[in-house]
Each structure stands twice: as structure tokens, then as C-alpha cells.
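Student:
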Amino acid sequence: MPRIYKRKTEPKWDKAIIKLAINDYINDIKPSCNKSAKKFGIPEATLRRYLKKKPEDYPTNGGRFKNTFTDEQLQTLQNYITDIDKRSFGLTKLQCQRLVYDFAEKNGIHHRFNKQAKLAGDDWMHNFMSKYNFSVRKPEATSIGRLMAFNKINVGAFFDKLKEIKLEKNFNASQIFNVDESGISSVPTKLLKVISPTGARRVAKIVSAERGKNITVVLGISATGVYVPPFLIFARKRMDKQLIEGAPPGSVAIGNDNGWMTSDSFLLYLEHFCKHVKATPENPILLILDNHISHVSLQAIYFCREHNITMLGFPPHTTHRLQPLDVAVFGPLKTYYSQACDTFMVNNP
Numbered sequence: 001m002p003r004i005y006k007r008k009t010e011p012k013w014d015k016a017i018i019k020l021a022i023n024d025y026i027n028d029i030k031p032s033c034n035k036s037a038k039k040f041g042i043p044e045a046t047l048r049r050y051l052k053k054k055p056e057d058y059p060t061n062g063g064r065f066k067n068t069f070t071d072e073q074l075q076t077l078q079n080y081i082t083d084i085d086k087r088s089f090g091l092t093k094l095q096c097q098r099l100v101y102d103f104a105e106k107n108g109i110h111h112r113f114n115k116q117a118k119l120a121g122d123d124w125m126h127n128f129m130s131k132y133n134f135s136v137r138k139p140e141a142t143s144i145g146r147l148m149a150f151n152k153i154n155v156g157a158f159f160d161k162l163k164e165i166k167l168e169k170n171f172n173a174s175q176i177f178n179v180d181e182s183g184i185s186s187v188p189t190k191l192l193k194v195i196s197p198t199g200a201r202r203v204a205k206i207v208s209a210e211r212g213k214n215i216t217v218v219l220g221i222s223a224t225g226v227y228v229p230p231f232l233i234f235a236r237k238r239m240d241k242q243l244i245e246g247a248p249p250g251s252v253a254i255g256n257d258n259g260w261m262t263s264d265s266f267l268l269y270l271e272h273f274c275k276h277v278k279a280t281p282e283n284p285i286l287l288i289l290d291n292h293i294s295h296v297s298l299q300a301i302y303f304c305r306e307h308n309i310t311m312l313g314f315p316p317h318t319t320h321r322l323q324p325l326d327v328a329v330f331g332p333l334k335t336y337y338s339q340a341c342d343t344f345m346v347n348n349p
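Just so we're aligned: 207 in the UniProt record's numbering is position 207 of the sequence shown, and the numbers increase by one with no gaps anywhere.
1) So PHE159 packs on PRO315, CB below 8 Å; how close in whole Å?
2) Relative to the C-alpha of ASP122, which candidate in ARG98, ASN283 and CYS341 has its C-alpha closest?
3) The beta strand (DSSP E) that contains THR310, what's its start and end?
4) Under a Cβ-count criterion, where at least 16 other Cβ atoms within 10 Å of its own Cβ denotes burial, should ASN291 be classed as buried or exposed?
5) Looking only at its own chain, which residues have a Cβ that is under 7 Å from the Cβ of LYS237, when we skip the five neighbours before and after it?
6) Among LYS30, ILE17 and VAL296, which has the Cα closest to the Cα of ILE42?
7) Where in the segment 91 to 129 do unbroken runs of the alpha helix (DSSP H), each at least 4 residues long, occur, reported from the N-terminal end onward?
8) Using C-beta distances below 8 Å, list every residue in its chain close to SER297, excluding the 5 sequence neighbours before and after it, in chain order.
9) Quick one: residues in its chain with C-beta nearer than 6 Å to the C-beta of residue 428, no 5 flanking neighbours on either side, listed in chain order?
10) Please state the DSSP three-state secondary structure of THR262.
11) Helix, strand or coil, according to DSSP, for GLY199 in the structure here?
12) Look at the alpha carbon of THR70 and the alpha carbon of PHE273, and state the distance between them as a whole number of angstroms.
13) State the DSSP-derived secondary structure class of ILE176, mapped to helix, strand or coil.
14) DSSP three-state call for GLU271: helix, strand or coil?
15) Can you give me the start and stop residues for the alpha helix (DSSP H) that PHE40 sits inside?
16) Counting C-beta neighbours from all protein chains within 10 Å, is the total for THR198 16 or more, i.e. buried, or is it exposed?
17) Does the segment 305 to 323 touch the segment 279 to 293, meaning 3 or more C-beta pairs lie closer than 8 Å?
18) Starting from LEU325 and walking both ways along the beta strand (DSSP E), at which residues does that stretch end?
19) How is the beta strand (DSSP E) around ILE288 delimited, first residue to last?
20) Report yes if the C-beta distance between PRO229 and GLY250 is below 8 Å; otherwise report no.
21) In this structure, what does DSSP give as the bridge partners for THR216?
22) I need the DSSP call for GLY156, collapsed to helix, strand or coil.
23) Compute the Euclidean distance between the alpha carbons of ALA200 and GLN242, then round it to the nearest angstrom.
24) By a C-beta neighbour count over all protein chains shown, 10 Å radius and 16 as the cutoff for buried, is ILE29 buried or exposed?
25) For VAL207 and LEU94, what's the separation of their Cα atoms in angstroms?
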């Protein structure tokens, strides 16, 4: 079947007329399909066919295809995607398909999307993009992207958007937070330099294991230096409280399959974040973070809107220069973590 179906015949009866006939039949004291059909000049069989449909589908065409969303729902989806793009969270086609699927599920809308992959169909996405004038952007390799993306135009556009949002909602420094996550291995990958005899071909250093397990550390800090207690993600099914003994007060740890940030994990982090920043209509929060796929799920967007949080994304491939936590915190953290592990191994041979 072609991607864009072209109707072979034109409908003979206007939708507005059919809707009037349906309402006349429903509101009549003694409903008569024949009487309502004659009143509006349409065949009785046509009216009966439409009456068999669900009330929420009135009026609908007589063809074999049924729209998944109403025009209002499609407009809401368009607004979501446009707003996300304005905040520098550029969505890929796959991310859009997942967002559309989540929207249908959250609103209890009957659909025929792929429930196993949890994605809207390619054909549906193609038609949606054509209707609302969206296009797919060609991605660049990360190394080239970083080189090309960090330029005056992109950086200037980001700060213009930041200034616009600050003026719009009157954010002060204490209401602006940066959130970032980084993976830390239980076996440090950054080995410190050691002293060895000159001329030695190989220099070995003992570590605790051949290969470590990943732990994701999520940190949040305001422009005034107020920090949200760490949020840790371990690669395990069941959490053990001993894993966070000695952690800063208020720290939270969860477990998932691989220890990396996911959409579900980010939603849990947002709950943790809200608990400490206490966002209200009188005290809104601006959350600046990178455009990772887990940060732009429909659930996260809904959550932030309901809890007075405005999200702004860094331009792609610029966080190594623009993101405060990436530049000034995680680098030193990993260095000192390696030093602490090294000291432990030396003192506990």
C-alpha cells in the first residue's frame, strides 16, 4: 500500500450535514432514522452506518481509515515538539515517535502503534511531519560536531534564549540550576602516574578488578552554589543501603539494568530535585541541562510543567565548554576519586 493513500471517490455527503442528522436523531423524543435522514436529504443507510460508530468519533468520514488523534490533540503534539526545539532539545525522528506513543498512552487514546517497540509508525510520522512542516536534520559525528557547533552563532543563540527566559519569568541566580550526570566506574579508568626506573618498558599498577561496574552520578547546583544532594544509579535489581553509607545527607540511590540514566530514572530524579528546590508558582525554577534522550520524554515535560520548572537545553555538542558541572566539577571529582581508590589499594595490599 502506498505511504500516502489517495481516495478513489469523493464523499457525497458533507460532514456537517451528517452531524446535524445524527444530532437530530439523538435529540428526537421518538428517534426515527428514516425521518432524520429525509429531513437532511441523506440516505437512511448512510445515517445508520454513522450511528453505529462511537459518539466520540462523530462526525467521521465513511472510509476505512480512522484518525488516531483529533485536530486539537495534533495541535498539542505540534506545540510540544516546537517548544522542545526552541529550548534547544532537538528531537530525532525516533524520539518524536516515542513521544507520540507516550502521548497516546497517557491520554488513553486508542491507537494501532507498535506496543512492543513503544513507537508511533513510520507512515504516521511521515504524514505528521508533512502536515506540520517538520523536517529531519542530518546528524554529524560527535568530534566534528563539537568542533563545528561551538561557534559564536550557536553560543550566542543559546545565551539570547537564556536572557529571554530570564526576563520572561524574572528568574534570579538562586532559581537557576544546572543538572548533569556522569558515569563513574567502580574501578578507576584514570590511573595516576607512578615513579619507575628509567628505561623500564612496562609499568604495571594493581587495581581492584579487571573491569569495574558503572555508577551514574547525577548532580544539580544553582548559580549561587546551592546543591541538590547526589542521585546515584547503580547497575543492580535490588538496592542495598550500605552502598550509600557515608554519602552526603539526603543522597538517593536507585538501581536499573545498566546503571545509566533512562527516561524512568530521570523522572525519579526530577521528584528528588523538586523535593529540595521546592519550586512553586512564586518560586519557579530554571533547569539547564544537556539534550540527552532521557531528558525529553513526555512524562518529564508534563512533570516540569506541573511543578513550575522551565527546562532549557545546551546546544548539541557544546556541553564540554558550556556546562558548568561538566567543566568544573566532574573532571576534578574523577581525579580525586582515582586518588582515593589508589590510596586505599596502597594501604590495603
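Heads up, the beta-carbon is just placed ideally off N, CA and C, and yes, glycines get one too.
Tutor: By the coordinates alone:
1) So it is not a contact: roughly 10 Å between Cβ atoms.
2) It is ARG98.
3) Element bounds for THR310: 309 to 313.
4) buried
5) GLY255
6) Looking at the Cα atoms, ILE17 is the closest of the given residues.
7) If we require 4 residues or more, the alpha helix (DSSP H) runs fully inside the segment 91 to 129 come out as 93 to 106.
8) Once the five neighbours on either side are set aside, the close Cβ partners of SER297 are ARG98, LEU99, ASP102, SER263, PHE266 and LEU267.
9) Outside the displayed range of the chain (1 to 349) lies residue 428, so it cannot be described from this structure.
10) coil
11) Confidence at GLY199 is low in this model, with a pLDDT of 48, below 50, so the placement of that residue should be treated as unreliable; the coordinate-derived value is given next. Residue state, collapsed to three classes: coil.
12) 35 Å
13) strand
14) helix
15) 33 to 40
16) Below a pLDDT of 50, predicted positions are generally treated as unreliable, and THR198, at 49, falls in that range; no measurement from the model is reported.
17) yes
18) It is not in any beta strand (DSSP E) - LEU325 instead sits in the alpha helix (DSSP H) that spans 324 to 328.
19) Segment 285 to 289, the beta strand (DSSP E) holding ILE288.
20) Contact: yes.
21) GLY183 and ILE233
22) The answer is helix: DSSP assigns GLY156 an H, G or I state.
23) Note that ALA200 scores 46 on pLDDT, short of 50, meaning its location in the model is unreliable; the coordinates nonetheless yield the value given after this. Whole-angstrom Cα-Cα distance: 42 Å.
24) exposed
25) Note that VAL207 scores 48 on pLDDT, short of 50, meaning its location in the model is unreliable and no value can be drawn from it.
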